[in-house]
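What follows is a set of notes on a single structure, which appears directly below.
Here you go:
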């Protein structure tokens, strides 16, 4: 579904990604782990061109994102993204947050968008919050709404950028629960996270990044149980 | 002090105040539209637009309003562009105010968290849709106090167009002064009316601001 070849990204002098090759298959849950500054968020943000790669190629469903003629707005409709800081729209109600994109970019009717929003709100357990403004919500609730907002576009893949890192510990569980359910339903997901428990339980494949490269990858059982690379061993010994 | 002239001249003050209010409203609307366009140009990635906006803002903030007024009223007719006293006043105040409002808008737009743009774009919204639906509504709320302040400045500065004979509050007060040979009292009345206008407006804006904030 997504194929990344020799991806490089530099910010001025600083080279953050130094040649990434990766493939994400339909229905797969790929979890990206690694120390901070390893480039995992940048890698994820390149996948929907929030960061423009310096070189290399990303092909999503057969279309190259680096091709100048590609309509990136069209592709982004099929790639949902969830941010560490939620980024709900504070001037819109929860319902409006969810229905905005479907009505605006997909020309979905108001009624249909509202119905979708209600279904999604029920799925994330927040059906009673439709007419509330985001400031009234807790962090965990905000993030569940953010997930619902992304799902309202019925994307083919969901990108999660440290979705639980800004949450109070007691709220991490409710967000991970929603993500687990999503994974079970067969959603293709790329998740950057520090939640090793989630990575091990839900991930189909783990990518360990360090210094702008994928140092090691494998099934959770292999990578957590029997890491081969010394840097993977070192990192895991610190976080587990 | 003798305010007995008011029985004869009160209509002058009312008419003048009306025109002052009209001038200010036109200016804030036109200046607001101009200022918004200029701020978008200044934040544009197209360097020509950016350069035009920057030059405009620097020029109109860096030259006296009185000079601008004379250029519009006395100068432009040489180029075949003449205005009556009211229109010349509105045009000058608007082009001048637009430069200030542009900077207010720019700060407001830049004050909206970058994550808002990223979230909107990641949902597939275009740059234009993101501006219209996400950034500008939030920017507008942020800049309401500064915008209200600019409105108040415009009301006060509009008195300058009296020098080209626009019959607004200042002009009419001055007419009363010369008709009655009272150099003091008519100007006190004018000052009071200006104060009532700006004070009422500032209170009104306070209410509006609190309304908008009540949602959070």
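Residue numbers (our numbering), protein chains in the order written: chain B, 139 to 378; chain S, 1050 to 1265. Virtual Cβ for every residue (Gly too), placed ideally from N, Cα, C.
{"Check": "Members of the stretch 198 to 215 of chain B that neighbour chain S once the beta carbon cut-off is set at 9 angstroms", "Outcome": "210, 211, 212, 213, 214 and 215"}
{"Check": "Beta carbon proximity, residue 1168(S) to chain B, threshold 8 angstroms", "Outcome": "yes"}
{"Check": "Which residues DSSP lists as bridging residue 355(B), in chain order", "Outcome": "345(B)"}
{"Check": "Neighbour list for residue 186(B) in chain S, Cβ cutoff strictly below 8 angstroms", "Outcome": "1171"}
{"Check": "Under 7 angstroms from the C-beta of residue 239(B): neighbouring residues of chain S", "Outcome": "1172, 1173 and 1174"}
{"Check": "Residue 1252(S) to residue 1173(S) span [Cα, whole Å]", "Outcome": "41 angstroms"}
{"Check": "First through last residue of the alpha helix (DSSP H) which encompasses residue 1236(S)", "Outcome": "1234 to 1262"}
{"Check": "Beta carbon proximity, residue 368(B) to chain S, threshold 8 angstroms", "Outcome": "no"}
{"Check": "Sequence ranges, alpha helix (DSSP H) only - wholly within the stretch 229 to 271 of chain B, length at least 4", "Outcome": "232 to 243 and 248 to 261"}
{"Check": "Beta-ladder partner(s) of residue 140(B), from DSSP", "Outcome": "162(B) and 198(B)"}
{"Check": "Members of the stretch 1174 to 1193 of chain S that neighbour chain B once the beta carbon cut-off is set at 8 angstroms", "Outcome": "1174, 1175, 1178, 1182, 1183, 1186, 1187 and 1190"}
{"Check": "Rounded Cβ spacing between residue 1209(S) and residue 1115(S) (contact assumed at less than 8 angstroms)", "Outcome": "6 angstroms"}
{"Check": "Cα-Cα separation, residue 1262(S) to residue 1256(S)", "Outcome": "10 angstroms"}
{"Check": "Test: residue 225(B) CB closer than 8 angstroms to a CB of chain S", "Outcome": "yes"}
{"Check": "C-beta atoms of residue 213(B) and residue 328(B) nearer than 8 angstroms", "Outcome": "no"}
{"Check": "Cβ-based burial, residue 1159(S) [other Cβ within 10 Å; buried from 16]", "Outcome": "exposed"}
{"Check": "Sub-8 angstroms separation of residue 294(B) and residue 326(B) beta-carbons", "Outcome": "yes"}
{"Check": "Inter-residue Cα distance where the pair is residue 290(B) and residue 202(B)", "Outcome": "24 angstroms"}
{"Check": "Contacts around residue 197(B), its chain only, beta-carbon distance under 6 angstroms, and the 5 residues preceding and following it disregarded", "Outcome": "141"}
{"Check": "C-beta contact flag for residue 1203(S) and residue 1077(S) at 8 angstroms", "Outcome": "yes"}
{"Check": "Closer than 8 angstroms to chain S by CB, residue 336(B)", "Outcome": "no"}
{"Check": "Euclidean distance between Cα positions of residue 1181(S) and residue 1217(S)", "Outcome": "37 angstroms"}
{"Check": "Cβ of residue 1157(S) within 8 angstroms of any chain B Cβ", "Outcome": "no"}
{"Check": "Short CB-CB distance (under 8 angstroms) between residue 1160(S) and chain B", "Outcome": "no"}
{"Check": "Residue-level contact to chain S via CB, residue 242(B), 8 angstroms cutoff", "Outcome": "yes"}
{"Check": "Closer than 7 angstroms: residue 1087(S) CB and nearest the ligand FAD heavy atom", "Outcome": "By its list of ligands, the structure shown contains no ligand whatsoever, and the ligand FAD lies outside what it can speak to."}
{"Check": "Closest residue to residue 1162(S) among 1147(S), 1175(S) and 1187(S) (Cα-Cα distance)", "Outcome": "1187(S)"}
{"Check": "For residue 1076(S), the three-state DSSP class (helix, strand or coil)", "Outcome": "helix"}
{"Check": "Nearest-angstrom Cα separation, counted from residue 287(B) out to residue 363(B)", "Outcome": "36 angstroms"}
{"Check": "For residue 1204(S), the first and last residue of its enclosing beta strand (DSSP E)", "Outcome": "Taken as a continuous stretch (DSSP letters only), residue 1204(S) belongs to no beta strand (DSSP E), being part of the alpha helix (DSSP H) at 1185 to 1206."}
{"Check": "Any C-beta of chain B under 8 angstroms from that of residue 1127(S)", "Outcome": "no"}
{"Check": "Boundaries of the beta strand (DSSP E) in which residue 209(B) is found, first to last residue", "Outcome": "That residue, residue 209(B), is in no beta strand (DSSP E); it is neither H nor E in DSSP."}
{"Check": "Exposure label - residue 1112(S); buried when at least 16 CB within 10 Å", "Outcome": "exposed"}
{"Check": "The alpha helix (DSSP H) enclosing residue 320(B), as first and last residue numbers", "Outcome": "307 to 322"}
{"Check": "Reduced DSSP secondary structure (H/G/I, E/B, other) of residue 193(B)", "Outcome": "strand"}
{"Check": "Within chain B, partners of residue 1165(S) - CB distance below 8 angstroms", "Outcome": "225 and 227"}
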